[in-house]
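The block underneath contains the structure these notes are about, expressed in structure tokens.
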Amino acid sequence: MSGVGNFTISLSFLAGSGTVPGPFVFPPWFNSSSQSALTLAVPGVAGPNAAPGGGCTVAPSGPNTDFALTGWQISGGILNAIVTVAATNLYSMSGRGKLYDSFVAFSAALLPLEANGCLTIGGARVLAARVAQALPLTFAETLQFT
Numbered sequence: 001m002s003g004v005g006n007f008t009i010s011l012s013f014l015a016g017s018g019t020v021p022g023p024f025v026f027p028p029w030f031n032s033s034s035q036s037a038l039t040l041a042v043p044g045v046a047g048p049n050a051a052p053g054g055g056c057t058v059a060p061s062g063p064n065t066d067f068a069l070t071g072w073q074i075s076g077g078i079l080n081a082i083v084t085v086a087a088t089n090l091y092s093m094s095g096r097g098k099l100y101d102s103f104v105a106f107s108a109a110l111l112p113l114e115a116n117g118c119l120t121i122g123g124a125r126v127l128a129a130r131v132a133q134a135l136p137l138t139f140a141e142t143l144q145f146t
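When we follow our numbering, the leftmost residue of the sequence shown carries the number 1, and every step to the right adds one.
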């Protein structure tokens with residue numbers, strides 16, 4: 001593995017079915033050996049109606065089977081959007097197309113949250129971009145997701 005900025009480039013990725021050739025781009029904190037769901041805290045996207053324990057969530061449904069905006073959490077005085085990414089397609093090379101379809105549907109489901117004040121204006125795009133940056137992707141997938 002070699003580092004580029006804070007990201008790591010790897011020539012392979014240990015997926016549930018074995019080692020998959022890359023190259024892959026991993027975020028600085030990513031641990032590919034865990035094979036568990038990702039949980040991300042994304043600051044700076046909360047609108048005036050976002051609050052811990054409130055609505056303002058997106059559950060997996062329809063074509064989105066992998067991504068969820070599960071709620072909001074205050075950390076260090078900052079309100080963070082909490083997003084989870086299921087492990088099923090994240091660590092399956094045969095499920096990468098499904099992961100992308102889920103991401104597109106999740107991104108679309110975020111847009112109404114701007115209109116109802118859950119996300120700040122432009123927050124849907126920022127949140128989707130931050131989620132995409134946190135995924136273990138090949139170079140080609142990086143272009144797709146972002």
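Heads up, the beta-carbon is just placed ideally off N, CA and C, and yes, glycines get one too.
- In the structure shown, the three-state DSSP call for P112 is helix.
- Comparing alpha-carbon positions, the option among R96, L40 and D66 lying closest to Q73 turns out to be L40.
- For Q35, the three-state secondary structure derived from DSSP is coil.
- If you draw a straight line from the Cα of G117 to the Cα of G71, it is about 14 Å long.
- With a beta-carbon spacing of about 20 Å, F106 and N49 fall beyond the 8 Å limit used to define contacts.
- Listed as beta-bridge partners of Q133 by DSSP are no residues whatsoever.
- Under the 10 Å beta carbon count, S61 is surrounded by fewer than 16 other beta carbons and is classified as exposed.
- The three-state secondary structure of N89, taken from DSSP, is helix.
- Using a 10 angstroms sphere on the CB of G76, the tally of other CB atoms stays under 16, which defines it as exposed.
- Cβ atoms of L110 and L127 come within 8 Å of each other, at about 6 Å.
- Exposed is the label assigned to P52, since fewer than 16 other Cβ atoms lie within 10 Å of its Cβ.
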